Each structure stands twice: as structure tokens, then as C-alpha cells.
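Peer 1: Encoded as C-alpha cells, here's the structure I'll be asking about.
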Amino acid sequence: MEVRFDTSLQTPLMLTFFATIGLSADFASLKKGGRVVGIFLLAVTGLLVVQNAMGIGLATALGLDPLMGLLTGSVTLAGGHGTGAAWGATFSEKYGLASASELAMASATFGLVLGGLIGGPVARLLIKRIHVPGCNGQEKPRVPKGFEQPNKERSITPFSFIETLALIAVSLLAGNLLNGMLRETAFELPTFVCVLFVGVILRNGLSAFGLYQVFEREVSVLGNVSLSLFLAIALMSLKLWDLAALALPIFIILAAQTLVMALFAIFVTFRIMGSNYDAAVLAAGHCGFGLGATPTAIANMQAVTQRYGPSQIAFLVVPMVGAFFIDIVNVIVIKLYLAMPLFGAA
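Using this note's numbering, you'd call the opening residue of the sequence shown number 18 and step up by one each time.
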């Protein structure tokens, strides 16, 4: 008996998720975070470059396709399940890489788990180094203030829901049209990237001209729902047994990536963010979404601040960078890597 799953909704759900990522990217928020956000974004970008270089280098050394190095690099680690599945499909269809989706899901899951495991130890090591009061666990943590515990939220209504759906629909339509225009040109991009960029332009264009203010929480809810349904369909149709022969080399690459993430957070992120308590919390957050996802980063930082005290700047910067800016920068970094002569079909 053979079981088959209907995956007809998989692509629309994936595109919807990336449309919501674009609609969440408010460039005006960069001004609110100021110089700290810009510096942290530079650190994040540096890690993306390092992850892909490490992945490609190890994959080549182990006799694997360099594309597998990209999939075990920033595509799935910093990108997560959604970005990994999207690029996995692209690598399969355009580059003929077998089992790309299975590898993407496995790598993203590995990163999600390890990102949550290494964040706390990295932060504790850094906090002990700078001698923060209470690092021995005897001092009671202070009560978080301000935006860490918002008091009031705008309600989601049927009317606002329809408005947000309309914005997503426009992003999907214009993104598909843009993809068609760029096809077979030097600027060709995957459909989901086009949809993401249209969402970014739509969000910031409407805000700049004062025409409409995007309801971020509602966009986030719809994005999470579409991503959850997309992943459910994608995971059900995976054939993980196809990866059996690659288990050891893939594990070696991912283990090396985990070590690189920890070292990068300690020697780069922590130092350029000021080598203080806030920098230690930011390093823990970077471990979270550098290997996994923004919720993992938040969980890492909450675990640290509950013991050692609040860090308002960290809870402002990490969600801002991890929620959408990293996805935009990651797409650019991946595309630049694919333009290398190493990937002849790019």
C-alpha cells in the first residue's frame, strides 16, 4: 500500500509566509533601535557569510555537493524551517540536488535544538567574565520594565483581518509578476524572494506616504499560521530515509556549525556589542536565531534575564533583527554565494 499526500497548498502557504515577513519589515524601526541595531545587524551578516563558507568548505572536503554546504549553512540555520524548505525546493528543481528538502528540514531541526542548548552556557561564560553582580545566582532578578511586558494590544477584528489578507494577496500577485519578469535574466530570483521584497516595498511605501499602517501582530499571526500549515504538509511528505547514507557527514558539518556559532557569539558578537551585560544577553539571543529561530533567541534571553536581571536593549534589538531583517539579508547573502563560479547553474 502506498500513501500519498496532497501538497497542492504547500507552495501558496510558503509564499504567504514570506509575504508576511516582507510586510513585517519596517525600516523606520531601524531608527528606533539606532546605532545598536545597525552594529548587531553587521554581526548577524558576518555570521551568515561564515556559516556558508564553513558549510561549503566542509561539504567539499567530505566529497559532498557544495549545495549541501549551503543547505547546512545560513539557509537552514539562520533561515529556519521556512527558508530552508523554500530553498530546498529551489535546489531540487533548478540545480537537481536530490533529497534537498529532507536535508533542509533535518538541518533546521538540528539547529533549532542546538540553538536553545548553547545560548545559556555562552551567556553564563560571558557574564562570569565581566563579573556581573548576581552571577552566582544569589541576587534576585529585577522586574523587567517597559516593552518587555506590554500592557495593551490592538484587537484583531474581521475588518482588519480582511485588510491584512488583501495586503498578502497583493504581495503574492505582484511577486509572481516580478518573478516572471526577471525569469531567464541575470537578476532571476526564486518566487518566494520576489514575494518577500514586494511585501517590504508595500509595507514601507504605505507607511512612508501615510496611506496605511500595517497591523504587525495580525501579520505575525497569519504568518505563523501559514508557516505551521506549510511545515505540516512539508514534513508529512518527507522521505528522511533518503538521508541515511549522508548521516555522518551532515552531522559533522552541523556539529562544526554549532561550535562556530558559539565561538562567533563569544569573540565577535559580545565584543562588538560592547563587552557588557547587554552584550552577553545579545550573544545568547544570537545563538538562538543564528542556529534556530527568533522564539529560541527570546527563550535564551529570558532564561538569562530571569537570573541576572533585565536587558531592555536586547529585547528591543533581537526581535527587530531576528524577526525580519535577517531573512532579507540572508536572501542576499545566499544569492551572492550562488553567483560564485562554483555553482555553475546560478
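We treat Cβ as the ideally placed atom computed from N, Cα and C, and that holds for glycine. Quantities reported herein were computed from a predicted structural model and do not represent experimental measurements.
For Met253, count the other beta carbons within 10 Å of its own beta carbon; 16 or more makes it buried, fewer makes it exposed. Which is it?
Peer 2: So Met253 counts as exposed.
Peer 1: Just tell me which of Asp23, Gln27, Gly39 has its CA closest to the CA of Val212.
Peer 2: Selected option, being the one with the closest Cα: Gly39.
Peer 1: Short of 8 Å in beta carbon distance, which residues of its chain neighbour Thr77, apart from the five on each side in sequence? Order them along the chain.
Peer 2: Contacts found: Pro83, Gly86.
Peer 1: Any idea if His148 is buried or exposed, counting beta-carbon neighbours within 10 angstroms, 16 or more meaning buried?
Peer 2: It is exposed - the Cβ of His148 has fewer than 16 other Cβ atoms within 10 Å.
Peer 1: Closest to Ala316 by CA distance: which of Gly105, Leu223, Gly132, Phe127 is it?
Peer 2: Taking only the C-alpha atoms, the option nearest Ala316 is Gly132.
Peer 1: Report the rounded CA-to-CA distance for Met357 versus Ala183, giving the unit in angstroms.
Peer 2: Cα to Cα, the separation comes out at about 38 Å.
Peer 1: Which same chain residues, not among the five before or five after Tyr229, have their C-beta less than 6 Å away from its C-beta?
Peer 2: Here the set comprises Leu223.
Peer 1: Could you check whether Gly137 and Val321 sit closer than 8 Å to each other, using their CB atoms as the reference points?
Peer 2: In this structure, Gly137 lies closer than 8 Å to Val321 by Cβ.
Peer 1: Apply the 10 Å Cβ neighbour rule to Gly113 and answer buried if 16 or more other Cβ atoms are within range, or exposed otherwise.
Peer 2: So Gly113 ends up on the exposed side.
Peer 1: How many angstroms separate the CA atom of Leu129 from the CA atom of Ala314?
Peer 2: For Leu129 and Ala314, the distance between alpha carbons rounds to 10 Å.
Peer 1: Are the beta-carbon atoms of Thr311 and Phe232 separated by less than 8 Å?
Peer 2: For Thr311 and Phe232, no; Cβs fall outside 8 Å.
Peer 1: Which residue from Ala140, Ile283, Met278 puts its Cα closest to that of Val67?
Peer 2: For Val67, the nearest C-alpha among the options comes from Met278.
Peer 1: Flag this pair as yes or no: are the beta carbons of Thr33 and Ser237 separated by less than 8 Å?
Peer 2: No, Cβ-Cβ distance for Thr33 and Ser237 is not below 8 Å.
Peer 1: Measure from the alpha carbon of Thr208 to the alpha carbon of each residue in Tyr354, Leu190, Gly63, Leu219, then state which is nearest.
Peer 2: Nearest C-alpha to Thr208: Leu190.
Peer 1: Just the Cα atoms here: how many angstroms apart are Lys145 and His303?
Peer 2: Their Cα atoms are separated by approximately 18 Å.
Peer 1: Hey, could you find the ends of the alpha helix (DSSP H) His148 is sitting in?
Peer 2: No alpha helix (DSSP H) holds His148; DSSP gives it neither H nor E.
Peer 1: Buried or exposed: Ser245, going by 16 or more other Cβ atoms within 10 Å of its Cβ?
Peer 2: By the 10 Å Cβ count, Ser245 comes out exposed.
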